[in-house]
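Data first, discussion second: the structure below is written as structure tokens.
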Amino acid sequence: MRIGGAEIMMTSSSAVEALNLKEASSWWSDVNESPIWQDRIFHALAVLYGIVSIVAVIQLVRIQFRVPEYGWTTQKVFHFLNFVVNGVRAVVFVFRRDVQFMHPEILQHILLDIPSLAFFTTYALLVLFWAEIYYQARAVSTDGLRPGFFTINAVVYVVQIALWLVLWWKPVRVMVILSKMFFAGASLFAALGFLLYGGRLFLMLQRFPVESKGRRKKLQEVGYVTTICFTCFLIRCIMMCFAAFEEGANLDVLDHPILNFIYYLLVEILPSSLVLFILRKLPPKRGITQYHQIR
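Residues in the sequence shown are numbered from 1 upward in steps of one, following UniProt numbering.
In structure tokens form, the structure reads like this:
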């Protein structure tokens, strides 16, 4: 009797688990397939991107009022690019349904991919800034860093434009896969850049005397930003690899709104918000030695 009772309990438990799994799957499918929920989620993303964009431009204005005598410094360009990237994303998600039905199809890829390219440039600029600080502190020439930054970005944009043109000429699945894998590679490159120069700067700051002014705060700032940016670009890389070969992970369709929300929240909205919060401190009015003008 006990064995029979145990079997009944096990069967009942399995049935409950199966029912819960079915209900969860049904909920996920119902949301994904509902045009109303699709629009709600995409509009929610647009609002979040819009907030981040507004915060970035406010910070840019505050910096300009604090140090109006300086031109387009690295810090100002970083905040301006954040404003542009998040603003464009917001507009795209407001009109996400219209974007999906644009023809030729290559226009869809361009509108969805351009903000990702600009996001790469924005945070590559932060890597450049840290690399310059690191090498200057070690009395090493930084003459090759900026040309290297512009060259890397030029290569990324030229390759992506070439992929778009080929995809326009011959819209086959293999070209979509190559485009996504290219984004994955660029994201991995950015993640390694943060790990390399953020890690180096962090270790260098650790060796400063304990009584150094602002040492602990700067150490925390570099550590937090390095961790956040490395993680977000690594997640982007992994997700792009899945999206390239798994149709269920495709982000460029209307019927994956929940996946879109989770992905963009983790790899762009949340990291940008945290980094803008961490780097919210305004520069001093006098004696600014850490500023570097973009030429």
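The C-beta atom is built at its ideal place from N, Cα and C for all residues, glycine as well.
DSSP places T122 in the helix class (H, G or I) of the three-state scheme.
Taking a contact as a CB-CB distance under 8 Å, the pair V225 and I258 does not count as one, their CB atoms being some 28 Å apart. About 17 Å separates the beta carbon of L266 from that of N82, a gap too long to meet the 8 Å contact definition. For T73, the secondary structure class from DSSP, reduced to helix, strand or coil, is strand. Rounded to whole angstroms, the separation of the alpha carbons of R66 and A46 is 30 Å. Shortest Cα-Cα distance from P104 to any of P171, T121 and L128 involves P171. E246 carries a coil assignment under DSSP once its states are collapsed to helix, strand and coil. Between F194 and M240, the C-beta gap is not smaller than 8 Å, which leaves the two residues out of contact. Rounded to whole angstroms, V140 and R207 show a C-alpha spacing of 18 Å. For the set R40, I63, W27 and F80, the Cα lying nearest the Cα of S272 is the one of F80. C-alpha of S179 to C-alpha of W72: approximately 32 Å in a straight line.
P284 sits in coil when the DSSP states are folded into three classes, being neither helix nor strand.
Q38 is the residue among T121, L145, Q38 and A118 whose C-alpha sits nearest the C-alpha of F95.
For R146 and A190, the gap between their C-alpha atoms comes out near 16 Å. When the Cα atoms are used, M204 and L196 turn out to be separated by approximately 12 Å. In the structure shown, K217 adopts helical secondary structure according to DSSP, grouped into three states. Counting other Cβ atoms within 10 Å of its Cβ, T151 stays below 16 and is therefore classed as exposed. V155 places its beta carbon 8 Å or farther from that of L167. Burial state of E69 is exposed, judged by a 10 Å Cβ sphere holding fewer than 16 other Cβ atoms.
At a Cβ-Cβ threshold of 8 Å, V99 and L117 do not count as neighbours. In the structure shown, K180 adopts helical secondary structure according to DSSP, grouped into three states. Straight-line spacing of the CA atoms in Y157 and H109 works out to 14 Å. Judged by their CB atoms, Q75 and R280 are not nearer to each other than the 8 Å cut-off. Within the segment 71–154, the runs of alpha helix (DSSP H) at least 4 residues long that lie entirely inside it are, in chain order, 74–94, 96–100 and 106–137. For I41, the closest of L192, F202 and F93 by C-alpha to C-alpha distance is F93.
For S34, there is no enclosing alpha helix (DSSP H), as DSSP marks it with neither H nor E. Rounded to whole angstroms, the gap between the alpha carbons of L125 and R97 is 32 Å. About 6 Å separates the Cβ atoms of W130 and G198, confirming a contact at the 8 Å cut-off. Here L128 is buried: its Cβ has 16 or more other Cβ atoms, across all protein chains shown, within 10 Å. Non-local C-beta neighbours of W169 in its own chain, meaning closer than 8 Å and more than five positions away in sequence, are absent. Of the residues assessed, P115 falls on the buried side of the cut-off, its CB having 16 or more other CB atoms within 10 angstroms.
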